[in-house]
Amino acid sequence: MRKETQEFYNLYRLSKYEEDNLSDEEPLIGHVFTFHKHYPRVPSIKLNPIDKEGELEQLLKSRGSCREFSIDPIRLDDLSYLLSGVRINYTHRMFESRTYPSPGARFPIEIYPIVFNVEGIEPGAYHYRIDNNNLELLLKEDFREISKEIVSPFIKNPSVAIVMTSVIGRLEIKYGS
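Encoded structure:
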């Protein structure tokens, strides 16, 4: 076996969660802790807890890609319900997991709702802090005039745009640069 192939295989093997290969004393580096991004100097809004046994829970468990978008205004509870879909779950070993796939369980995705028209919340750019279920206000501004540039020229009157970014450093901890 070529050296490069063997190195790839070793990295692949280490990225797999194998119950038999993990001990409680020495978990793999990728399964220890996940860093949660937050903005401590900006205002934040506590979101309401959501019933985790509802219809959304069943849909998330059988998730798949979808290309249909709604243009109706939503309530703050609707946004909270939507964002709760990416919440943190813990396995019996206290490893963090979520309702979406992630390479090596590193969860590099950060979520930034751009609020155009949500009842009970001011328009602006927010960061969704997943570890405490808060929205952190980053920029208080009405983006409705440029919503077509942010979302799509084909969608009129969106309530919110969900912008997803990636913190590559979370992957580098496990996989290197």
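In terms of this note's numbering, the sequence shown opens at residue 60 and continues consecutively.
Idealized CB from N, CA, C, for every residue including glycine.
In this text, all values refer to a predicted model and were calculated from it rather than measured experimentally.
As computed with DSSP, alanine 220 is found in a beta bridge with Ile173. For arginine 229, the enclosing alpha helix (DSSP H) has its first and last residue at 227-234. Its chain contains Arg188, Asn193, Leu194, Glu195 and Leu196 as the residues whose beta carbon lies nearer than 8 angstroms to that of serine 103, once the 5 sequence neighbours on both sides are disregarded; these appear in chain order. For lysine 207, the enclosing alpha helix (DSSP H) has its first and last residue at 206-209. If you ignore the 5 residues before and after alanine 184, its C-beta comes within less than 6 angstroms of the C-beta of Ile173, Leu197 and Leu198, all in its own chain and listed in chain order. The DSSP-derived three-state label of lysine 120 is helix. For glycine 163 against lysine 233, the beta-carbon gap comes to about 5 angstroms, under 8 angstroms, which counts as contact.
If you draw a straight line from the Cα of glutamate 204 to the Cα of serine 218, it is about 13 angstroms long. An exposed status is given to valine 101, since fewer than 16 other beta-carbon atoms sit within 10 Å of its beta-carbon. In this model, threonine 224 and phenylalanine 166 are separated by some 11 angstroms (Cα to Cα). By the beta-carbon neighbour count (other beta carbons within 10 angstroms, threshold 16), arginine 229 is buried. Here DSSP, grouped into helix, strand and coil, assigns glycine 113 to coil. In the structure shown, leucine 106 adopts coil according to DSSP, grouped into three states. DSSP places arginine 203 within a helical segment (H, G or I) once states are collapsed to three. A straight-line Cα-Cα distance of about 16 angstroms links lysine 96 and glutamate 231.
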